[in-house]
Every structure is written in structure tokens, then in C-alpha cells.
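Student: Following the UniProt record's numbering, the numbering of the sequence shown begins with 1 at its first residue and continues without gaps.
We treat Cβ as the ideally placed atom computed from N, Cα and C, and that holds for glycine.
Right, I'll just put the structure down here and ask away after.
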Amino acid sequence: MLTAIIDYESGNLHSAEKAFQRMAREVGGGTVVVTADADVVARADRVVLPGDGAFPACSAALRGHSGLFDALVEAVETRGRPFLGICVGMQLMATWGREYEDTEGLDWIGGEVVRITPFDPALKVPHMGWNDLVIDHPHPVLDGIETGDHAYFVHSYQMRVTNPDERLAHVDYGGEVTAIIGRGTMLGTQFHPEKSQQTGLRLIGNFLRWRP
Numbered sequence: 001m002l003t004a005i006i007d008y009e010s011g012n013l014h015s016a017e018k019a020f021q022r023m024a025r026e027v028g029g030g031t032v033v034v035t036a037d038a039d040v041v042a043r044a045d046r047v048v049l050p051g052d053g054a055f056p057a058c059s060a061a062l063r064g065h066s067g068l069f070d071a072l073v074e075a076v077e078t079r080g081r082p083f084l085g086i087c088v089g090m091q092l093m094a095t096w097g098r099e100y101e102d103t104e105g106l107d108w109i110g111g112e113v114v115r116i117t118p119f120d121p122a123l124k125v126p127h128m129g130w131n132d133l134v135i136d137h138p139h140p141v142l143d144g145i146e147t148g149d150h151a152y153f154v155h156s157y158q159m160r161v162t163n164p165d166e167r168l169a170h171v172d173y174g175g176e177v178t179a180i181i182g183r184g185t186m187l188g189t190q191f192h193p194e195k196s197q198q199t200g201l202r203l204i205g206n207f208l209r210w211r212p
């Protein structure tokens, strides 16, 4: 089993690589590689798309790396490989991103990515630090993760999903903020599982064992 973490120069992938490799050893999850090779992504058994920064920049970087975007689409849409988007990687699953300019997403989960606007003006944006998850819908990758478990967030924009059944979890930050989305073989987390200690490691381990 091969899990490909896509490197499209969207941030430091060292901590993600280490967390996925650790959990692959613990759960028998096969081999984990960080790669910018489109051929590796296209034949991978699982695909992980991280992302740090602004939606338009990440989208342009992904589409600008030779063959990577097409390989991602082939692996996830055509071959139905399990997919995990992290932070902006999750946001790219949306139909539209509204950060700075209107930018088309992958349209894997209907919705748009908009700026966080807490009801309480004392709450600062970006939403940064630990927050308690509220599980909206069960999912195999959330096995052993419960409402009240902590996850680590760093973001100024959030995804508003069209279909509430595809929002698997949220957090409260002056209103409900999407934390996890999913449909079919696709999953996304707004938080960073590699920085979320036991909650994040459990999710990574579950993803590596997931057989949708």
C-alpha cells in the first residue's frame, strides 16, 4: 500500500510526513512518500493533499506543477482512491474559494470557502490554536474520536458546505466553523492532524486503514 503526500510547494511537509510514517508503522499502513511526481500520485493507493497559505495561490501551484493536478483527479475521481485534504488542501475540495478573488476549486464537496466572521468581535481572526471538535456525523476515519476532543487550527477562511450531510464535524468559534468534511472516498480536515496530538494521530491511523 502506497500513500502519496503531494508536494506542490505549499508549505513545510516535514511534520506531516513524520506523523503519517509513524502511524503507517503502527497500523501496518504501508509506505508513505512525499512526492511531486505525477506518476507516483496517479498510481498511489491513497492520496493526501496538504496546503498552507491562500486558496488562489495553492490552487495555482497545484495546477502549475506538471501533471500533478491531472494525476490527482485520476487517482481520486477515476480510480476512487481514498483521499485526505488538510487545511487549504481541504478547502480546495470546495466548488469555489472566495479568498481575495473567486477561484474555482475541485468541486468534490459542494460549497464555498469564505472568511471566518465570528459573532463575538473579541474573537480574533485567524482562528488559531486548540478547539473542541463537535462530531456531526459518524465516519470510519473518525472511529475513536469524540465530541470534545481537541484539534489544532490555523486559518482565516472556512468552508460552508451546501449539503449538511457532508459536514462531518465543526467547532464553535463565535459560530459554527467547519472542521471535517467528507463524501464517498474523500475526506478533508480544516485542522492539522499532524499537529493535533492523539486526536490527529488517531485520524491519520484510521485513514491509513480505511477501506471505502
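Given a threshold of 16 other Cβ atoms within 10 Å of its Cβ, counted over all protein chains shown, does Pro121 qualify as buried or as exposed?
Tutor: Pro121 is exposed by the Cβ-count criterion.
Student: Going by DSSP, what residue range makes up the alpha helix (DSSP H) through Arg43?
Tutor: Taken as a continuous stretch (DSSP letters only), the alpha helix (DSSP H) holding Arg43 covers 38-43.
Student: Okay, do the region 46-66 and the region 166-177 touch, 3+ Cβ pairs below 8 Å being the bar?
Tutor: Cβ pair count under 8 Å is below three, so no.
Student: Starting from Gln190 and walking both ways along the beta strand (DSSP E), at which residues does that stretch end?
Tutor: Neither: Gln190 is in no beta strand (DSSP E) and is coded neither H nor E.
Student: From the DSSP output, in three-state form, read off Asn131 for me.
Tutor: In this structure, Asn131 counts as strand in the three-state DSSP scheme.
Student: If contact is defined by three or more beta carbon pairs under 8 Å, each pair taking one atom from either stretch, is the region 73-85 in contact with the region 44-58?
Tutor: A contact exists between the region 44-58 and the region 73-85.
Student: Smallest Cα separation from Arg115: which of Gly174, Ile145, Leu72?
Tutor: Closest by alpha carbon: Gly174.
Student: Does DSSP classify Arg22 as helix, strand or coil?
Tutor: Of the three classes helix, strand and coil, the one that applies to Arg22 here is helix, per DSSP.
Student: Leaving out the 5 sequence neighbours to the left and right, which residues in its chain are closer than 7 Å to Phe119 when beta-carbon positions are compared?
Tutor: Only Gly174, Gly175 meet the Cβ criterion.
Student: Would you say Val41 and Met186 are within 8 Å of each other, going by their C-beta atoms?
Tutor: Their beta carbons are not under 8 Å apart, which means Val41 does not touch Met186 by this criterion.
Student: Rounded to whole angstroms, what's the CA-CA distance from Thr103 to Phe191? Just pull it up for me.
Tutor: In a straight line, the C-alpha of Thr103 is about 21 Å away from that of Phe191.
Student: Ignoring anything shorter than 3 residues or poking outside the region 39-78, list the beta strand (DSSP E) runs there in chain order.
Tutor: Complete beta strand (DSSP E) runs here, min 3: 46-49.
Student: Can you tell me where the beta strand (DSSP E) holding Val161 begins and where it ends?
Tutor: That run of the beta strand (DSSP E) goes 157-161.
Student: Note down the Cα distance separating Leu68 from Asn12, rounded to an integer number of angstroms.
Tutor: Spanning the two alpha carbons is a distance of roughly 18 Å.
Student: Determine the burial state of Glu99: buried for a count of at least 16 other Cβ atoms within 10 Å of its Cβ, exposed for fewer.
Tutor: Per the 10 Å Cβ criterion, buried.
Student: Out of Gly28, Asp37, Arg25, Thr95, which has the shortest C-alpha to C-alpha gap to Ile5?
Tutor: For Ile5, the nearest C-alpha among the options comes from Asp37.
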